[in-house]
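Just so we're aligned: 93 in this note's numbering is position 94 of the sequence shown, and the numbers increase by one with no gaps anywhere. Virtual Cβ for every residue (Gly too), placed ideally from N, Cα, C. None of the values given here were measured: they were computed from a predicted structure.
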Amino acid sequence: MIKKIIICVFTLLLVGCGMETQTIDKANGDSKTYLFFKDLDPNNYYLELWDRNNSKNDDTKIIMARKGDEYYYEMDGVINVINIWKDGYVYNIDGQMKNYNKQESAVKDYSHGILPNDIKGLRTKGYETGEEKIYGKKYIYEKYVYDNEQSTYYFSGDDLVYIKYQGIQITLFYRFNLMKGKADDDLFKVPDGYLEVTY
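What follows is the structure, encoded as structure tokens:
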């Protein structure tokens, strides 16, 4: 009898231990998102993600990197797409054909909504937090709203696991892999021996 009571109490405690959704009007530098990204320099970083827009087992790797005015974006999956922006041009690199083309272009920043761009503002920015189940597992989330956009960061403990960005016309969902505070210089160079193709 006592065993049954203990089991019932334990079960009630487990059921009641879910995290309720909360709105934090003004943060105090203690959000998981701020603590994770507080040392990020939005002008100098290297970031690796796994694409989760189609399935939980998608092995498409996304790489974003920045070094001042130079920007690198790679999507490596069924196809391999590499774009390097520098000196007012974008270099579209085809790793399979070992060639590239070059066009005048402003930087297209794929990290928009994925990485915070105002770390100082993030320290005190309000957010919504709670629990959400993704692929059958619960994560603590922190959701930040910017005008018509929102960025949501999902954590297991203090570890960032997923990032979701919702804009007016697009939703992006990634699994976090790794982040470094510096990108290698070679990343922003067209590989030796690649042929320039002009159209």
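- Its chain contains MET63, ASN82 and TYR109 as the residues whose beta carbon lies nearer than 6 Å to that of TYR72, once the 5 sequence neighbours on both sides are disregarded; these appear in chain order.
- With a minimum length of 3 residues, the unbroken runs of beta strand (DSSP E) contained wholly in the segment 143-192 fall at 148-155, 158-165 and 170-179.
- By the Cβ rule, the segment 186-195 counts as touching the segment 87-103, because three or more pairs are nearer than 8 Å.
- By the neighbour-count definition (other C-beta atoms within 10 Å, threshold 16), GLU141 is a buried residue.
- By alpha-carbon distance to PHE154, the top candidate from ASN176, ASP86 and ASP68 is ASN176.
- For ILE118, the uninterrupted alpha helix (DSSP H) run begins and ends at 118-121, by DSSP.
- For LEU48, the uninterrupted beta strand (DSSP E) run begins and ends at 43-50, by DSSP.
- Residue environment: GLU69 is assigned as buried (16 or more neighbouring CB atoms within 10 Å of its CB, all protein chains considered).
- For the pair ASN100 and TYR193, the CB atoms are not nearer than the 8 Å cut-off.
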